[in-house]
Amino acid sequence: MPEKILKEDWSDYDNKKKKWVDRFFFSCEEVWEIDYLVSKIRKVYPSISETAIRTAIASCCKEVPANRPREKFVRCVMSKL
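When we follow the numbering used here, the leftmost residue of the sequence shown carries the number 1267, and every step to the right adds one.
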C-alpha cells in the first residue's frame, strides 16, 4: 500500500522545502506538508477519509522521531490506514 504513494511524483513537494537537503524528510511542524500528504493519499485512495488520514499522520508524528525520513513516515501512516 505505501508503495503507490511513494512511487508518486514528489517533485512539487521537494521544490517547496526550504532546504534542498530536507526534501527526503517529513516535518510534522509544517502544516503544508501535512496537507500535501493528505492530498497525496486521497488522490490514490479516495475512499480513505481525510479525518482517518490526519489521525494516522498525528499518530506517526508521535511515533517516528524527527528527523523523519519520508519513506519511513509514509510507511507508518499507511500502516495505520
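In this text, a Cβ means the ideal position worked out from N, Cα and C, and glycines have one as well.
Predicted model only: the values in this text are computed from it and were never measured.
Taking buried to mean at least 16 other C-beta atoms within 10 Å of its own C-beta, is residue i buried or exposed?
i, result
"residue 1267", "exposed"
"residue 1299", "buried"
"residue 1340", "buried"
Is residue i close to chain C, meaning its C-beta is less than 8 Å from at least one C-beta of that chain?
i, result
"residue 1329", "Absent from the structure: chain C. Only one protein chain is present."
With distance defined between alpha-carbon atoms, name the residue in the options nearest to residue i.
i, options, result
"residue 1338", "1296, 1316, 1290, 1295", "1290"
"residue 1292", "1270, 1306, 1329, 1333", "1333"
"residue 1329", "1343, 1310, 1319", "1343"
"residue 1370", "1323, 1288, 1327, 1309", "Residue coverage of the chain in this structure runs from 1267 to 1347, which leaves residue 1370 outside it and unanswerable."
By how many angstroms is the C-alpha of residue j removed from the C-alpha of residue i?
i, j, result
"residue 1314", "residue 1307", "8 Å"
"residue 1269", "residue 1285", "25 Å"
"residue 1321", "residue 1275", "24 Å"
"residue 1271", "residue 1309", "9 Å"
Using 8 Å for Cβ pairs, my map puts residue i next to residue j. What's the rounded Cβ distance?
i, j, result
"residue 1304", "residue 1316", "6 Å"
Residue range of the alpha helix (DSSP H) that residue i falls in?
i, result
"residue 1310", "1297 to 1310"
"residue 1322", "1316 to 1329"
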